[in-house]
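**Q**
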Amino acid sequence: MLARRVIPCLDVDKGRVVKGTKFLNLTDEGDPAELAERYAHEGADEIVLLDITAAHERRGTMLEVVRRTASRAFVPLTVGGGVRSVDEMRDVLRAGADKVSFNTAAVAEPALLTACAERFGSQAVVCAIDARRLPATEGTARSDGAEDAASAEPRWEVVTHGGRRTTELDAVTWAMRAVKMGAGELLVTSMDRDGTRSGFDTELLAAIAMRVRVPVIASGGAAGPDDFVTAVRDGKADAVLAASIFHRRMFSVGDIKRAMAAAGLPVRGIEESGA
Amino acid sequence: MSAAIKVAVLDYGAANMVSITKALAAVGAGVVVAADPSEMAAVDAIVVPGVGAAGSAMEHLRERGLLEPVRDWIEAGRPCLGICLGFQVLFDRSDEGGVDTLGLLAGRTAALVDAPTLPHIGWNSVDFVAPHPLFDGVPDGSYFYFVHSFAPAPADESVILARTTHGRPFVSAVAKGSLYGLQFHPEKSSVVGLRVLSNFVGLVAAGAASARTTTDVAEVI
């Protein structure tokens, strides 16, 4: 049976790992390759490198960071941030990444997901969705035309450019469309929870996971091992991603996996984590 | 320890070469990336990596003039490790595109049967069928990283070292003499993956040493 994955995420700015709250107030957390290697030894199932400044400063991705990280951490590597074309994706894969994650570029041009999936396979194409919960009274027009402001059902809006721009896209509708366009995996981040350590938005995760057949990675708000269990059990996530709780050594990957195993979830290699 | 074992990783196109070359180097092998048969001349073993489709892999091997050298290498009993697609192309034929492959192992590569999801991506357990030095120090049932939709079915079951279940069980590792094949990616499988690569390099070294001994004995006789 496939294991549920625990994924440390490294937000990278100018070659350094940084962490902010709700995407702001960045602090330096270390060297990407060094941190990635440490996490791989602790039992991380995958590493995500996100170039958080690439989208708005229009920089290419950090191929050198990718190369250094792939040379030291022998686990799958997903790279996101600022990749806008098939050729840019090829360069990132050649530098040692296994998957590339698209966020702002996919919203702007959904056909990019299709082009990249056709060239490299959908297993290499991840669509990252940053979502912000809408106030209960506020509704958004879904792209299927349904307008349902009065509904008690929660709604989330897709935000782009590191959370600084709204799109009026319904997050669940966009998730389904992204999969149809070629995304083989979805990385779903709750903007409201990001960096707040208040737990994952399991309603958002479940709303998406129940409607797509590809794996969903939960992101945004991890505070402790119980949150990872909840994201899988209640949020139906296949994988759980977190940043600051690992960088600041509040919990090791092994701590998280032991909690998941104790909750009956299939996880890999807790005996080899050495944590 | 004697001089490092030299391994050529065949570069025949789009595959990510960083992880496999660095992983082999991490377990002490000298690594060359071979895009040309001449680069296989001074090495002890070859590795056939790969992600992609069987048809284009065969085409790229042919274009780069690697097809016959690889076949000759393996037919001569020299050490070779095929990974993922590089494992599948060792067999006679692949249903992926309906192409003839290298034919060095009897059997056919077919789509995974009853798989709940395709491609099969992620960490799955590898269950040993028979003990083998390639898996020394690796616990039975260890998780390795997979990315594939097809798997080969060896005609000769005696080559099977391990199976993995995704839907129905499929063959995830084989060995026949000095020819080894893995459906998973050891270079992406962390500690246990590096251990398998280290075991492979160790087997190559042992083979090289015993070949030397045999030669010595032959000379004495």
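As they're listed, the protein sequences go chains A and B.
According to this note's numbering, the first sequence holds residues 1 to 275 in order.
According to this note's numbering, the second sequence holds residues 1 to 221 in order.
Note that CB positions come from ideal geometry on N, CA and C, so glycine has one too.
Here the structure is a predicted model, which means the values were calculated and not measured.
In chain order, which continuous runs of the beta strand (DSSP E) of length 3 or greater are located wholly inside the segment 37-116 of chain B?
**A** 45-48, 80-83, 91-94 and 105-111
**Q** Quick check: what's the CA-CA separation for Val65 of chain A versus Gly96 of chain A?
**A** In this model, Val65 of chain A and Gly96 of chain A are separated by some 10 angstroms (Cα to Cα).
**Q** Interface residues of chain B around Ser252 of chain A at Cβ under 7 angstroms?
**A** Going along chain B, no residue has its Cβ under 7 angstroms from Ser252 of chain A, so there is no contact; the nearest lies around 15 angstroms.
**Q** Count the other C-beta atoms from every protein chain shown that fall within 10 angstroms of the C-beta of Arg248 of chain A, then say buried if there are 16 or more, exposed otherwise.
**A** exposed
**Q** Taking DSSP as the reference, what is the three-state secondary structure of Ser158 of chain B?
**A** Note: Ser158 of chain B maps to helix in three-state DSSP.
**Q** Between Trp156 of chain A and the rest of its own chain, which residues show a CB-CB distance below 6 angstroms, the 5 nearest in sequence each way excluded?
**A** Ala131, Arg133, Ala171 and Leu204
**Q** Any heavy atom of the ligand PLP within a distance shorter than 7 angstroms of the CB on Leu63 of chain A?
**A** The ligand content of the structure shown is nil, which means the ligand PLP is not present either.
**Q** Secondary structure at Lys99 of chain A, three-state DSSP: helix, strand or coil?
**A** strand
**Q** Identify each residue in the segment 7-19 of chain B for which the Cβ-Cβ distance to at least one residue of chain A is less than 7 angstroms, and report them in chain order.
**A** Asn16, Val18 and Ser19
**Q** Of all the residues that make up the segment 113-135 of chain B, which are near chain A by a beta-carbon distance shorter than 9 angstroms?
**A** The residues in question are Pro116, Thr117, Pro119, His120, Ile121, Gly122, Trp123, Asn124 and Ser125.
**Q** So which residues on chain A does Ser190 of chain B lean against when the C-beta distance must stay under 9 angstroms?
**A** Ala40, His41, Gly43, Ala44, Asp45, Ala73, Phe74, Val75, Arg268, Gly269 and Glu272
**Q** Between the segment 107-115 of chain B and the segment 183-191 of chain B, do three or more beta carbon pairs fall short of 8 angstroms?
**A** no
**Q** What number of angstroms, rounded off, separates the C-alpha of Leu2 of chain A from the C-alpha of Phe146 of chain B?
**A** 10 angstroms
**Q** Taking the alpha carbon of Ser210 of chain B as the reference point, which residue from B:Gly52, B:Ser178, B:Val7 and B:Gly86 has its own alpha carbon closest?
**A** B:Ser178
**Q** Three or more beta-carbon pairs under 8 angstroms between the segment 219-236 of chain A and the segment 30-42 of chain A, yes or no?
**A** No: fewer than three Cβ pairs fall under 8 angstroms.
**Q** In three-state DSSP terms, what is Val138 of chain B?
**A** Here Val138 of chain B sits in coil by DSSP.
**Q** Taking the C-alpha atoms as reference points, what is the distance between Gly86 of chain B and Met58 of chain B?
**A** 10 angstroms
**Q** Go through its chain and collect everything with a Cβ distance to Arg5 of chain A's Cβ below 6 angstroms, but skip five positions before and after it.
**A** Excluding positions up to five away in sequence, the list reads Asp45, Glu46 and Ala239.
**Q** So, does the segment 91-109 of chain B touch the segment 122-140 of chain B, judging by three or more C-beta pairs under 8 angstroms?
**A** With the cut-off at 8 angstroms, the segment 91-109 of chain B and the segment 122-140 of chain B do not touch.
**Q** Between B:Met40, B:Asn124, B:Ala4 and B:Ala153, which has its C-alpha nearest Ala106 of chain B's C-alpha?
**A** B:Ala153
**Q** Could you say which of A:Val107, A:Pro8 and A:Met260 lies nearest to Val232 of chain A if we only look at CA atoms?
**A** A:Met260
**Q** Given a threshold of 16 other Cβ atoms within 10 Å of its Cβ, counted over all protein chains shown, does Asn16 of chain B qualify as buried or as exposed?
**A** buried
**Q** Do you know offhand how far Arg78 of chain B's Cα is from Ile52 of chain A's?
**A** 47 angstroms
**Q** Tell me the rounded alpha-carbon separation between Cys80 of chain B and Tyr180 of chain B.
**A** Approximately 6 angstroms between the Cα atoms of the pair.
**Q** Would you call the segment 120-128 of chain A and the segment 91-109 of chain A in contact, with 3 or more CB pairs under 8 angstroms?
**A** Contact holds between the segment 120-128 of chain A and the segment 91-109 of chain A, because three or more Cβ pairs, one in each stretch, are under 8 angstroms apart.
**Q** Please confirm if Arg58 of chain A has its CB atom under 8 angstroms from at least one CB of chain B.
**A** For Arg58 of chain A, the pLDDT reaches just 46, beneath the cut-off of 50, and the residue's location in the model is therefore unreliable, although a value from the coordinates is still provided. No - not a single Cβ of chain B is within 8 angstroms of the one on Arg58 of chain A.
**Q** Should Glu118 of chain A be labelled buried (16 or more other beta-carbon atoms within 10 Å of its own) or exposed?
**A** Classification of Glu118 of chain A: exposed, given that the 10 Å Cβ count is below 16.
**Q** Alpha carbon to alpha carbon, what distance is there between Asp156 of chain B and Arg108 of chain B?
**A** 11 angstroms
**Q** Which chain B residues sit within Cβ distance under 7 angstroms of Ala95 of chain A?
**A** Val18
**Q** Along the segment 137-150 of chain B, what residues have a CB closer than 7 angstroms to any CB found in chain A?
**A** Listed by position along the chain: Tyr143, Tyr145 and Val147.
**Q** Name the residues in the segment 187-211 of chain B whose C-beta lies less than 8 angstroms from a C-beta of chain A; which are they?
**A** Glu187, Lys188, Ser189, Ser190, Val191, Val192, Gly193 and Leu194
**Q** In chain order, what residues of the same chain lie with their CB nearer than 7 angstroms to the CB of Ala162 of chain B, ignoring the 5 residues before and after it?
**A** The beta carbon of Ala162 of chain B lies closer than 7 angstroms to those of Val126, Asp127, Phe128, Val129, Ser172 and Ala173 in the same chain, with the five residues before and after it left out.
**Q** In the DSSP assignment, the alpha helix (DSSP H) including Gly30 of chain B goes from what residue to what residue?
**A** Looking at the DSSP string, Gly30 of chain B is not in any alpha helix (DSSP H); the run it does join, the beta strand (DSSP E), is Gly30 to Ala34.
**Q** If you measure between the beta carbons of Pro49 of chain B and Val89 of chain B, is that distance less than 8 angstroms?
**A** no
**Q** Roughly how many whole angstroms lie between the Cα atoms of Pro215 of chain A and Ala237 of chain A?
**A** 7 angstroms
**Q** Should Ser219 of chain A be labelled buried (16 or more other beta-carbon atoms within 10 Å of its own) or exposed?
**A** buried
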